[in-house]
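Accompanying notes for the structure given below.
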Amino acid sequence: MNRFDYVRAGTVAEAVQAYGAGARFIAGGTNLIDLMKYEVEKPGRLIDITRLPLDGIEAHESGLRLGALATNAKVAYDERVAAQYPLLRNAILAGASAQLRNAASTGGNLLQRTRCYYFYDTATPCNKREPGTGCPAIGGVNRIHAIFGASESCIATHPSDMCVALAALEATVRVSGPQGERTIPFADFHRLPGDSPEIDTNLAAGEIIVSVDLPESKFPQHYTYLKLRDRLSYAFALVSVAAGVELDGDTIKTARLALGGVAHKPWRNREAEALLEGKPATRESFQQAADLIVSEAKPQSANGFKIDLARRAIVRGLEQAAAGTPQSLSDKRIQ
């Protein structure tokens, strides 16, 4: 681990002012510290933001505001989240371990970096770690990699479970920086790799996440978070599905779908969501949406299985959501 300066900020303004080239904000540190140990990240300054008053959860307009420093555990076990946004709760509890959820922050969850083997191995080239060096995952070990939105520069995936649910819920990210405060729709927060895979988000230099704002709840009963992984106890998703539907009898009024484990960011297909609206909540409708989504998939040499896995997961997720029988948190076997 490299040597670095350490600054503890007392206010958001102090944190922003302390930021400079090579600096990183740190809260729970559940990802950043690992990256530093592996010498993937070598910040010259760490700005400790754990003392900022950003750990609250409060009503906001017609929804809920999650402070950037609210831990994953605090969010998951908040009664309002459980009642109004159970999709988010289930996604959080499907990820990481209890110890990590007790430390990891809401803002930090959004800023997780990929778990690509090559990204973590400094003995190999990686465009995300060192731009211009290449992407050995293309044609290499790529079983866990993207089938949507990848580029010739990077085929890594975003690892978060929480973010998949936030994408389906159409959250908004509130940030503060040198130019003041602004809000970023969740769909625009993360970037696809393109020619600049080293840039994960659309945050400007020195901007800090202040909160994640949830809109009015639409899916308190008809939702599911379905996570498919190599082992049930603790693993990142090969494919995950956050699904929420509003029903008028047996007809779908509104549908929201987001996939994890398949792209550089939580993956949504608005055409598939629109296709479902006004359709009966049947397996046939769900299969049509799934077929539309996976029609855009571009697999790598070792992850073609993800296409059929995603198709089946989408159908199963929509069936669980429509029936109001979300994936069990205690029995993680697929129902």
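For the sequence shown, the UniProt record's numbering gives the first residue as 1, with consecutive numbering after it.
We put the CB at the ideal spot given by N, CA and C, even for glycine.
Sequence-distant residues of the same chain with beta carbon closer than 7 Å to residue i, five excluded per side
i           : result
Pro125      : Thr133, Gly134 and Pro136
Val12       : Leu52, Ser176, Ile208 and Val210
His60       : Asp213
Arg8        : Asp48 and Arg51
Ala171      : Phe186, Val212, Asp213 and Leu214
Gly139      : Ser301
Val294      : Ile307, Ala310 and Arg311
Gln288      : Leu275
Asp78       : Ile57
residue 357 : This structure does not reach residue 357, given that the chain is present from 1 up to 335, and the question cannot be answered.
Phe25       : Ala15, Ile47, Ile49 and Ile208
Glu273      : Ala255, Arg256 and Leu257
Ala313      : Leu226, Leu228, Val239 and Val241
Residue range of the unbroken beta strand (DSSP E) whose run includes residue i
i      : result
Ala255 : Thr251 to Gly260
Gly95  : First-last for Gly95: undefined, no H or E at that position.
Ser176 : Thr172 to Gly177
Asp78  : No beta strand (DSSP E) holds Asp78; DSSP gives it neither H nor E.
Gly180 : Gly180 to Pro185
Range covered by the alpha helix (DSSP H) that runs through residue i
i           : result
Arg8        : Run containing Arg8: none in the alpha helix (DSSP H); it sits in the beta strand (DSSP E), Asp5 to Arg8.
Tyr38       : No alpha helix (DSSP H) holds Tyr38; DSSP gives it neither H nor E.
residue 337 : The requested residue 337 is not part of the displayed model; the chain covers only 1 to 335.
Phe119      : Tyr117 to Tyr120
Glu296      : Here Glu296 belongs to no alpha helix (DSSP H), and DSSP marks it neither H nor E.
Glu273      : Arg270 to Leu276
Glu14       : Val12 to Ala18
Bridge partner(s) assigned by DSSP for residue i
i      : result
Ser105 : Thr71
His60  : Gly63
Ile26  : Asp48
His190 : Thr201
Pro53  : DSSP, once it has assigned bridges, lists no residue as partnering Pro53.
Pro280 : Thr251
Nonlocal neighbours in the same chain, by C-beta distance under 6 Å from residue i, ignoring five residues either side
i      : result
Ala70  : Asp55, Ile57 and Thr106
Arg143 : Ala302 and Asn303
Ala204 : Gly177
Met162 : Ala91, Ile92 and Asn109
Trp267 : Phe148 and Leu259
Ile324 : Per the sequence shown, residue 324 should be read as Gly rather than Ile. Around Gly324: Gln221 and His222.
Glu246 : Lys218, Lys253 and Thr254
Asn269 : Ile293
Ser62  : Glu216
Ala82  : Arg89
Gly28  : Ala103, Ala104, Ser105 and Gly108
Thr30  : Leu100, Ala103 and Ala104
Lys42  : Asn2
Ser240 : Val164, Lys227, Gly260 and Gly261
Arg72  : Note that residue 72 corresponds to Asn in the displayed sequence, not to Arg. Cβ neighbours of Asn72 beyond the five flanking positions: Ile92, Arg101 and Ala104.
Nonlocal neighbours in the same chain, by C-beta distance under 8 Å from residue i, ignoring five residues either side
i      : result
Met1   : Met36, Lys37 and Glu39
Tyr6   : Arg45, Leu46 and Asp48
Phe119 : Val40, Arg113, Cys126, Lys128, Arg129 and Ala156
Ile334 : Leu226, Leu228, Arg316 and Gln327
Glu271 : Leu292
Glu181 : Arg174, Val175 and Val210
Ala263 : Ala146, Ile147, Phe148, Gly149, Ala150, Thr157, His158 and Leu192
Thr201 : Leu110, Leu111, Phe189, His190 and Arg191
Residue i Cβ short of 7 Å to the ligand ATP heavy atom set
i      : result
Phe305 : Questions concerning the ligand ATP fall outside what the structure shown contains, since it holds no ligand whatsoever.
Neighbour flag for residue i against chain B, beta carbons, 8 Å
i      : result
Gln179 : No chain B appears in this structure, which consists of one protein chain only.
message: Quick test of the definition: if touching needs 3 or more C-beta pairs under 8 Å, does the stretch 184-200 touch the stretch 147-163?
response: Verdict: yes, contact present.
message: Pairs of beta-carbons, one from the stretch 112-130 and one from the stretch 275-284, closer than 8 Å: are there three or more?
response: The stretch 112-130 makes no contact with the stretch 275-284, as fewer than three CB pairs between them are under 8 Å.
The stretch 82-90 in contact with the stretch 102-114 per 3-pair CB rule at 8 Å: Taking 8 Å as the limit for Cβ pairs, the verdict is that the stretch 102-114 does not touch the stretch 82-90.
- request: Would you mind listing the beta strand (DSSP E) stretches within the stretch 194-254 that are 3+ residues and don't spill past its ends, in chain order?
  value: Taking only runs of at least 3 residues, the beta strand (DSSP E) segments lying wholly in the stretch 194-254 are 208-214, 223-228 and 239-248.
- prompt: What are the start and end residues of each continuous beta strand (DSSP E) run of 3 or more residues lying completely inside the stretch 125-179, in chain order?
  reply: Entirely contained in the stretch 125-179, the beta strand (DSSP E) runs reaching 3 residues are, in chain order, 172-177.
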